[in-house]
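Protein chains: 2
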Amino acid sequence: MDALKDLAEALGPRFTTSESARAQNARNEAHFPDAMPDAVVWPETTEDVALTVRTCAAAGIPITPLGVGSSLEGQHLAVKGGVSLDFSRMNKVRAVNAEDLNAVVQPGVTRTQLNDELRATGLFFPIDPGADASLGGMAATRASGTMAVRYGTMRENILALEAVMADGTVIRTGTQARKSSSGYDLTHLLIGSEGTLGIITELTVKLQGQPEATAAATCRFDSVEDAVNCVILTIQCGLPMARIELVDEMMVHGFNEMAEAGLPEKPHLFLEFQGTPTGVTEQAAMFREIAEDFGVQDWKEATATEDRTALWKLRHGAHYATAAIRPGPQFRTLATDVCVPISKLAEAVTTAQDMARKMGVICTIVGHVGDGNFHCGVRFDPDDPNEVQTTQDFAGKLAELALTLGGTVTGEHGIGLGKQKYMSAEHGPALAYMRAVKAAFDPQGILNPGKLLPPGN
Amino acid sequence: MDALKDLAEALGPRFTTSESARAQNARNEAHFPDAMPDAVVWPETTEDVALTVRTCAAAGIPITPLGVGSSLEGQHLAVKGGVSLDFSRMNKVRAVNAEDLNAVVQPGVTRTQLNDELRATGLFFPIDPGADASLGGMAATRASGTMAVRYGTMRENILALEAVMADGTVIRTGTQARKSSSGYDLTHLLIGSEGTLGIITELTVKLQGQPEATAAATCRFDSVEDAVNCVILTIQCGLPMARIELVDEMMVHGFNEMAEAGLPEKPHLFLEFQGTPTGVTEQAAMFREIAEDFGVQDWKEATATEDRTALWKLRHGAHYATAAIRPGPQFRTLATDVCVPISKLAEAVTTAQDMARKMGVICTIVGHVGDGNFHCGVRFDPDDPNEVQTTQDFAGKLAELALTLGGTVTGEHGIGLGKQKYMSAEHGPALAYMRAVKAAFDPQGILNPGKLLPPGN
Ligand SMILES: Cc1cc2nc3c(=O)[nH]c(=O)nc-3n(C[C@H](O)[C@H](O)[C@H](O)COP(=O)(O)OP(=O)(O)OC[C@H]3O[C@@H](n4cnc5c(N)ncnc54)[C@H](O)[C@@H]3O)c2cc1C
Ligand SMILES: Cc1cc2nc3c(=O)[nH]c(=O)nc-3n(C[C@H](O)[C@H](O)[C@H](O)COP(=O)(O)OP(=O)(O)OC[C@H]3O[C@@H](n4cnc5c(N)ncnc54)[C@H](O)[C@@H]3O)c2cc1C
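The listed protein sequences derive, respectively, from chains A and B.
Residues in the first sequence are numbered from 1 upward in steps of one, following the UniProt record's numbering.
Residues in the second sequence are numbered from 1 upward in steps of one, following the UniProt record's numbering.
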């Protein structure tokens, strides 16, 4: 392709067609087959991105942005070939505006990198998917994590974006002000669009003040139902939980296998409280009072920073610990991601467990349950058609259940390749308006083709 | 017009071309000339709205939705004639899902109506523009109010919408779940779109638990600069203020004139703290410590419910109290609405005061300063071309200043008729993508034509 030659010339060492680089970006952490791009571009500036887009647009070559490639629905895979636009070198923190509680970052900055750079400021960025994802990728998937129950998701934590659109135009959306009623909300239109509407080249993200005091705790319950009912009441009472995470007995087993966590293999909640010292004590006491009604046991506090870090490191490793319940390189993990109204959470989780048992599905359950969001991590053999079918059936039934309960098929992982089949059921006639946006913004369909929108009209 | 005859027949008493009804909807609280619609429709159901839209679409007749008509940029005025779609009769609270902290309402429900209906539940809806606006209108203008500093704006408080699109299609956006990564964010695209992309027929809004304890207070400062610097530090320290409102000396004068408030005519902050009883005491003490550094005086607490109600009623009357600084039916009020990063707030407010003085502009200043948002309420004579020019110049300079400081020309009032002239300066090349959305969603341009997007391409 001539266009790739032009790119090679213009970008020099920021362009390659080498097999190893392409193979690197062809992989995913979930269960999708590898997908090789034709070339990899590592932009260092917005202009590099714009040039790449202009060149590809002229030749109709697909462009698939890539952060760290941790997305779980195959979002970053170049399934139609073309250019993998890899943001790993566009990873500078441009400004920390401590006095305005925001930071301006390039999209390749990862969440831990940003928090490392913020350490001296007393501020932090609260969105924490298990992986050390890039902020560009997190924005593009509308990611969240354990602290969304307190601070919201990427949807609530971005003030402004710079983006390169499908014809190479560079736009800015939003401002540094905390709110605005000026015009259509293009910022939110780009957040969650999985690189299909525009390519994010800069983000202004909100920062939070480090709380004066933090306390974490774990506790266990006899049943998942008890644990979830405790969560429901906690949220309904308006307790400002910083984190409230469910791990079921199988997930604990995975932690024990992977990390010798030494936890009793029963459902647990992992908790965090933040506030003033008095506030934290108050909150923990209120939580324990609620939890007593659900037979809470084994209350263990972790106040020392290193104990808390160890606790959340364990939790963030859930995806890998899931592998430990059925180890072996031949197996893959499909992570479901339903999110339901909090009042329906116990029904959803217990139905999921029952279904798994009945269908013979081997899975962990772990969830950001304060948001009504939980994942079944299903281990299956992709070469066994029966297992593949059962896994898909299980995921499909769970998706259906979530919609019946007034929820969504994906709380935070996004649509990508894996969940397009549910788009029509979730959105009905609204889907046509999503297609209209795509057609208006990317008429050639070169931005991450094959993702988010199901084929057809 | 035949189409209007068809509507008359189909809608019966829900349709009129009577002069008085049309004149009623032709007015505004700001400074725009009256604009008469050709007819008024009072839908009672989504189907009424869809039928109206289908009929108008077939005949190319404009439709301008109307809540209570309190918008301040002429948004609800039928400047191109056609149908004024008046939601005052579509005002039922459909469901209060206390266990999920949300409510499902029709668009004509007003904020005080909703809170009245919520009283027994221990929950409340926190967005409170000064006017008793409709939730449909508030969503459409991306409104906020005094509590946005704590709870966010309409942007953060809507889970799901039902809307009738320009061809009569009924869509649903969002779900009852607290978060979702499924598809493009049409909910946020409709929020703030001023009825130009779709007509909202139902909203699912988030509710908040009534705080255990609430305390309000007023205090005064020697200068606006001291007051604002106190606000800046308070926000930067992360104090979770429920309300923090600036009123300058002229605004206090207005309150004294209108409501015999008996306040010393000096800059004031009006404050509210919410939380547990200990939390509220802690917060108030922390605030006073900060305020001491800025020479705070006259600290007056209001803990009794009726005192707090009186305080916020006074504040919510600011628009009318502004009239009192230059009374007379011949004068109108232009309210500016810039919003800047918090670190730039003192510069913005003092520059505004200086400019007003130098230009001979008569105005109050009042603001949701915790968000960096403040209003100059300029009293002017619309029949005096000099005053009109000076008022426009003043507003224009302030808008320019806000953009220079990294802010927005409108924090909460929206664009409507009055701020289209700043759209290009604020959005640059992004404006073309707003136009693309409009063209894709409403190719005929029948939804609230003449609003939000400036003429041209
Ligand atoms: C162990 C593990 C735990 C996880 N836990 C969570 C969790 O708790 N919560 C959660 O939400 N997710 C979680 N995930 C999923 C994943 O981390 C998120 O989806 C994350 O947001 C992806 O970021 P990334 O940098 O890896 O993006 P990638 O996977 O590289 O890309 C994701 C999508 O974003 C697009 N994209 C990337 N950069 C840009 C850009 N600059 N402009 C436009 N589009 C762009 C890509 O094209 C793709 O569509 C987890 C994944 C793993 C492996
Ligand atoms: C005294 C006073 C104080 C105010 N204080 C504030 C404040 O503190 N904060 C603030 O944000 N605003 C404030 N405002 C402005 C005003 O209250 C808000 O803009 C409010 O959101 C308008 O609501 P409404 O019901 O009056 O809508 P309208 O004025 O009737 O309409 C506003 C816009 O919304 C559209 N619209 C209405 N209903 C629908 C629907 N169902 N579907 C689609 N579009 C619809 C209309 O077409 C129009 O474009 C104040 C106004 C006054 C008069």
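Every residue gets a Cβ at the ideal spot worked out from N, C-alpha and C, and that includes glycine.
Requested in this report: Locate the beta strand (DSSP E) running through A:Gly-279, then write down its first and last residues.
Outcome: Looking up residue 279 of chain A in the first sequence gives position 279. First-last for A:Gly-279: 277-292, but that is the alpha helix (DSSP H), not the beta strand (DSSP E).
Report task. May I ask whether a heavy atom of ligand 3 can be found less than 7 Å away from the beta carbon of B:His-413? Result -> Annotation note on ligand 3: not contained in the displayed structure, which lists ligand 1 and ligand 2 as its ligands.
Query raised in the report: Is the Cβ-Cβ distance between B:Gly-82 and B:Asp-38 less than 8 Å?
Result: Taking the first residue of the second sequence as 1, we reach residue 82 of chain B at position 82. Taking the first residue of the second sequence as 1, we reach residue 38 of chain B at position 38. Contact: yes.
Query raised in the report: How is B:Phe-441 classed by DSSP in three states: helix, strand or coil?
Result: Sequence index remark: in the second sequence, residue 441 of chain B carries index 441 (1-based). Here B:Phe-441 sits in helix by DSSP.
Requested in this report: Confirm the yes/no value for this check: CB of A:Glu-156, any heavy atom of ligand 1, distance under 7 Å.
Outcome: Position 156 of the first sequence, counting from 1, holds the residue named residue 156 of chain A. No, Cβ of A:Glu-156 sits at least 7 Å from all heavy atoms of ligand 1.
Query - Straight-line Cα distance separating B:Gly-209 from B:Gly-238 - result: Mapped onto the second sequence, residue 238 of chain B falls at position 238. Mapped onto the second sequence, residue 209 of chain B falls at position 209. Spanning the two alpha carbons is a distance of roughly 21 Å.
Query raised in the report: Got a sec: does ligand 1 put a non-hydrogen atom nearer than 7 Å to the Cβ of A:Gly-67?
Result: Counting from one through the first sequence, the residue named residue 67 of chain A turns up at place 67. Answer for A:Gly-67: yes, Cβ within range of ligand 1.
Query raised in the report: Is the region 275-292 of chain A close to the region 353-364 of chain A, with three or more CB pairs under 8 Å?
Result: no
Report task. Check the DSSP bridge columns for B:Thr-214 and list the partner residues they point to. Result -> The residue you call residue 214 of chain B lines up with position 214 of the second sequence. B:Thr-214 is bridged to B:Gln-274.
**Report entry** Any C-beta of chain A under 8 Å from that of B:Val-340
**Finding:** Here residue 340 of chain B is taken as the residue at index 340 of the second sequence, counted from 1. For B:Val-340, the nearest CB of chain A lies under 8 Å from its own CB, placing it at the interface with that chain.
Requested in this report: Quick one: residues in its chain with C-beta nearer than 6 Å to the C-beta of B:Arg-150, no 5 flanking neighbours on either side, listed in chain order?
Outcome: Locating residue 150 of chain B in the second sequence gives position 150, counting from the first residue. So the qualifying residues of the chain are Ala-242.
Query raised in the report: Candidates A:Met-286, A:Gln-283, A:Pro-277, A:Glu-47: which alpha carbon is nearest B:Glu-282's?
Result: The count along the second sequence starts at 1 and reaches residue 282 of chain B at position 282. That would be A:Pro-277, whose Cα lies nearest to the Cα of B:Glu-282.
Query raised in the report: At what residues does the alpha helix (DSSP H) containing residue 460 of chain B begin and finish?
Result: With chain B represented from 1 up to 457, any question about residue 460 of chain B goes unanswered, as that position is not in the structure.
Report task. Determine the chain A residues that contact B:Leu-452 at a beta-carbon separation under 7 Å, and present them in chain order. Result -> Residue numbering aside, residue 452 of chain B sits at position 452 when the second sequence is read from its first letter. Within chain A, the residues near B:Leu-452 are Gly-183.
Query - Neighbour flag for residue 516 of chain B against chain A, beta carbons, 8 Å - result: Outside the shown range of chain B, which is 1 to 457, sits residue 516 of chain B, and nothing can be said about it.
**Report entry** Extent of the continuous beta strand (DSSP E) run through A:Ser-84
**Finding:** Locating residue 84 of chain A in the first sequence gives position 84, where the first residue counts as 1. 83-86 is the extent of the beta strand (DSSP E) around A:Ser-84.
**Report entry** Residue burial classification, residue 460 of chain B (beta-carbon count within 10 angstroms, cutoff 16)
**Finding:** Outside the displayed span of chain B (1 to 457) sits residue 460 of chain B, for which this structure offers no information.
Query raised in the report: What residue range is occupied by the uninterrupted alpha helix (DSSP H) comprising A:Trp-42?
Result: By 1-based counting over the first sequence, the position of residue 42 of chain A is 42. Per DSSP, A:Trp-42 belongs to no alpha helix (DSSP H) and is neither H nor E.
Query - Cut-off 6 Å between Cβ atoms - residues of its own chain near A:Asp-6, not counting five sequence neighbours on either side - result: Numbered from 1 along the first sequence, position 6 holds the residue referred to as residue 6 of chain A. Answer for A:Asp-6: Thr-55, listed in chain order.
Report task. Counting only runs of 3+ residues fully inside the region 296-344 of chain A, write out the beta strand (DSSP E) ranges in chain order. Result -> 297-302, 332-335
Query raised in the report: Less than 8 Å separating the beta-carbons of A:Asp-100 and B:Ile-342?
Result: By one-based count along the first sequence, residue 100 of chain A stands at place 100. By one-based count along the second sequence, residue 342 of chain B stands at place 342. Cβ distance < 8 Å, so A:Asp-100 and B:Ile-342 count as in contact.
**Report entry** Residues that B:Ala-160 bridges to, as DSSP identifies them
**Finding:** For the purposes of this step, residue 160 of chain B is identified with residue 160 of the second sequence, where counting begins at 1. In DSSP, B:Ala-160 forms a bridge with B:Gly-174, B:Thr-204.
Query raised in the report: From which residue to which residue does the alpha helix (DSSP H) around B:Val-385 run?
Result: Along the second sequence, read from residue 1 onward, the residue named residue 385 of chain B stands at position 385. The sequence shown places Pro at residue 385 of chain B, rather than the Val named in the question. It spans 385-404 - the alpha helix (DSSP H) in which B:Pro-385 sits, taken as one unbroken run.
Query raised in the report: Who are the near neighbours of A:Arg-27 in its chain, counting only those whose CB is closer than 8 Å to its CB and skipping five residues on each side?
Result: Residue 27 of chain A sits at position 27 when you count from the first residue of the first sequence. Apart from sequence neighbours up to five positions away, the residues of its chain that approach A:Arg-27 with a beta-carbon distance below 8 Å are Asp-34, Gly-69, ordered along the chain.
Query raised in the report: For a contact meaning CB atoms closer than 9 Å, what does B:Pro-429 contact in chain A?
Result: By 1-based counting over the second sequence, the position of residue 429 of chain B is 429. In chain order: Met-165, Thr-169, Val-170, Ile-171, Arg-172.
**Report entry** Spatially closest choice to A:Asn-97 from A:Gln-176, A:Gly-317, A:Ala-402, by CA coordinates
**Finding:** Walking along the first sequence from the start, residue 97 of chain A turns up at place 97. Here the closest residue by C-alpha is A:Gln-176.
Report task. Tell me A:Pro-65's beta-bridge partners as DSSP assigns them. Result -> Counted from its first residue, the first sequence places residue 65 of chain A at position 65. Answer is A:Leu-85, bridged to A:Pro-65.
Report task. With a threshold of 16 other CB atoms inside 10 Å of the CB of B:Thr-112, please say whether the residue is buried or exposed. Result -> As a position in the second sequence, residue 112 of chain B is number 112, starting the count at 1. Counting Cβ neighbours within 10 Å, B:Thr-112 comes out exposed, since fewer than 16 surround it.
Query raised in the report: Regarding B:Ala-131 and ligand 2, is the C-beta to nearest heavy atom distance less than 7 Å?
Result: Counted from its first residue, the second sequence places residue 131 of chain B at position 131. Yes, since a heavy atom of ligand 2 falls inside the 7 Å radius drawn around the Cβ of B:Ala-131.
Query raised in the report: Taking the C-alpha atoms as reference points, what is the distance between B:Val-366 and B:His-375?
Result: Counted from its first residue, the second sequence places residue 366 of chain B at position 366. Counted from its first residue, the second sequence places residue 375 of chain B at position 375. Approximately 5 Å between the Cα atoms of the pair.
**Report entry** Residue-chain proximity (A:Asn-373, chain B), Cβ-Cβ < 8 Å
**Finding:** For the purposes of this step, residue 373 of chain A is taken as the residue at position 373 of the first sequence. By this cut-off, A:Asn-373 is an interface position.
Query raised in the report: Listed from N- to C-terminal order along the chain, which residues in the region 417-451 of chain B have their beta-carbon within a distance smaller than 9 Å of any beta-carbon of chain A?
Result: Lys-419, Tyr-422, Met-423, Glu-426, His-427, Gly-428, Pro-429, Ala-430, Leu-431, Ala-432, Tyr-433, Met-434, Ala-436, Val-437, Lys-438, Ala-439, Ala-440, Phe-441
Query raised in the report: Comparing alpha-carbon positions, which option in A:Ile-158, A:Gln-389, A:Ala-21, A:Leu-453 lies nearest A:His-427?
Result: Working through the first sequence from its first residue, we reach residue 427 of chain A at position 427. If we check each option's Cα against that of A:His-427, A:Leu-453 comes out closest.
Query raised in the report: Which term fits A:Glu-19, buried or exposed, when burial requires 16 or more other beta carbons within 10 angstroms of its beta carbon?
Result: For the purposes of this step, residue 19 of chain A is identified with residue 19 of the first sequence, where counting begins at 1. Exposed, by the Cβ-count rule.
Report task. Return yes when at least one heavy atom of ligand 1 lies under 7 Å from the C-beta of A:Thr-141, else no. Result -> If you number the first sequence from 1, residue 141 of chain A lands on position 141. The answer is yes for A:Thr-141.
Query raised in the report: Thinking C-beta only, is B:Gly-168 closer than 8 Å to B:Ala-78?
Result: Indexing the second sequence from 1 puts residue 78 of chain B at position 78. Indexing the second sequence from 1 puts residue 168 of chain B at position 168. It is not a contact, given that the beta carbons lie outside the stated cut-off.
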